[in-house]
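S.K.:
Here you go:
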């Protein structure tokens with residue numbers, strides 16, 4: 208198996224985190240009434256980027272599959288392009304608050320960083336701690352966006368059963384399985400890029 212170093216991969220993941228921060232900053236400008244909330248999410252994405260930079264140092268001696276690295280970089284790059292497209296759509300007025308939260312929820316549900324980092328062995332204890340922090344905070348983002356989306360739907364007088372947020376939470380659950388005990392084909396797994404990104 209051909210192996211390579213990880214520099215380009217982690218650099219791309221850092222770019223992904225910063226593209227999400229830019230997206231959230233944009234949403235804060237478009238929706239000033241809730242700009243503080245978007246600013247908090249943006250700062251957390253910047254923190255993720257800093258953690259990834261630390262990982263780059265801690266994992267400098269680890270080698271990974273060249274094929275896995277290439278696939279991961281391409282997938283993360285699609286996520287970056289998706290975020291950039293949403294920034295343009297937001298600035299030209301094509302995105303309301305409900306859709307902005309839904310966009311954020313879909314991307315957070317893909318949990319790109321947690322799956323991408325699985326190609327490393329994480330024998331370094333400090334590196335493993337950082338990985339766990341990334342996973343934990345991504346899950347926290349998902350839950351916050353689900354609750355926020357529910358509130359927005361309620362304020363709009365929408366009471367779908369199940370609500371969009373509940374449906375997204377169910378669909379993207381990493382633990383969802385069919386009656387046969389196998390994972391449902393429609394279930395989003397960590398690191399799988401949603402159709403909207405492709």
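Residue numbers (my numbering): 208 to 405.
Backbone N, C-alpha and C define an ideal beta-carbon position, used for all residues, glycine too.
Cβ atoms of residue 307 and residue 248: under 8 Å apart, would you say?
M.R.: It is not a contact, given that the beta carbons lie outside the stated cut-off.
S.K.: Going by Cα to Cα distance, which pick from 213, 354, 222 is closest to residue 272?
M.R.: Nearest option by C-alpha distance: 213.
S.K.: Taking the alpha helix (DSSP H) that residue 213 falls in, what are its first and last residues?
M.R.: Taken as a continuous stretch (DSSP letters only), residue 213 belongs to no alpha helix (DSSP H), as it is neither H nor E.
S.K.: If you compare alpha carbons, which of 265, 222, 281, 243 is closest to residue 255?
M.R.: Here the closest residue by C-alpha is 222.
S.K.: Quick one: complete alpha helix (DSSP H) runs, 4+ long, within the stretch 235 to 319?
M.R.: Listed in chain order, the complete alpha helix (DSSP H) runs (minimum 4 residues) inside the stretch 235 to 319 are 242 to 265, 273 to 298, 304 to 317.
S.K.: Taking the Cβ atom as the reference point for each residue, do residue 264 and residue 245 lie within a distance shorter than 8 Å?
M.R.: Not closer than 8 Å, so no.
S.K.: Residues in the same chain with beta-carbon distance under 7 Å from residue 261, minus the five sequence neighbours each way, listed in chain order, please.
M.R.: Correct list, in chain order: 337.
S.K.: Going by C-alpha to C-alpha distance, which of 361, 226, 353, 219 sits closest to residue 289?
M.R.: The shortest C-alpha separation from residue 289 is found at 226.
S.K.: Report all residues from its chain with a CB closer than 6 Å to the CB of residue 326; omit the five preceding and five following residues, and keep chain order.
M.R.: Answer for residue 326: 271, 275, listed in chain order.
S.K.: By the three-class DSSP mapping on this structure, what secondary structure does residue 351 have?
M.R.: Note: residue 351 maps to helix in three-state DSSP.
S.K.: Please report the Cβ distance between residue 315 and residue 343, rounded to the nearest whole angstrom; I am assuming they are in contact, meaning their Cβ atoms lie under 8 Å.
M.R.: Residue 315 to residue 343, Cβ: 13 Å. No contact.
S.K.: Rounded to whole angstroms, what is the Cα-Cα separation between residue 220 and residue 228?
M.R.: So the two alpha carbons sit approximately 13 Å from each other.
S.K.: Does residue 363 pass the burial test, meaning 16 or more other C-beta atoms within 10 Å, or should it be called exposed?
M.R.: Answer is exposed; the Cβ neighbour count stays below 16.
S.K.: Expressed to the nearest angstrom, what Euclidean distance is found between the alpha-carbon atoms of residue 300 and residue 283?
M.R.: One C-alpha to the other measures close to 26 Å.
S.K.: Does residue 343 come out as helix, strand or coil in the three-state DSSP assignment?
M.R.: If DSSP states are grouped into helix, strand and coil, residue 343 belongs with the helices.
S.K.: State buried or exposed for residue 279, treating a residue as buried only when at least 16 other CB atoms are found within 10 Å of its CB.
M.R.: Burial call: buried.
S.K.: Is the Cβ-Cβ distance between residue 297 and residue 352 less than 8 Å?
M.R.: No. Outside cutoff.
S.K.: Could you say which of 234, 258, 251, 242 lies nearest to residue 335 if we only look at CA atoms?
M.R.: Measuring from the Cα of residue 335, the nearest candidate turns out to be 258.
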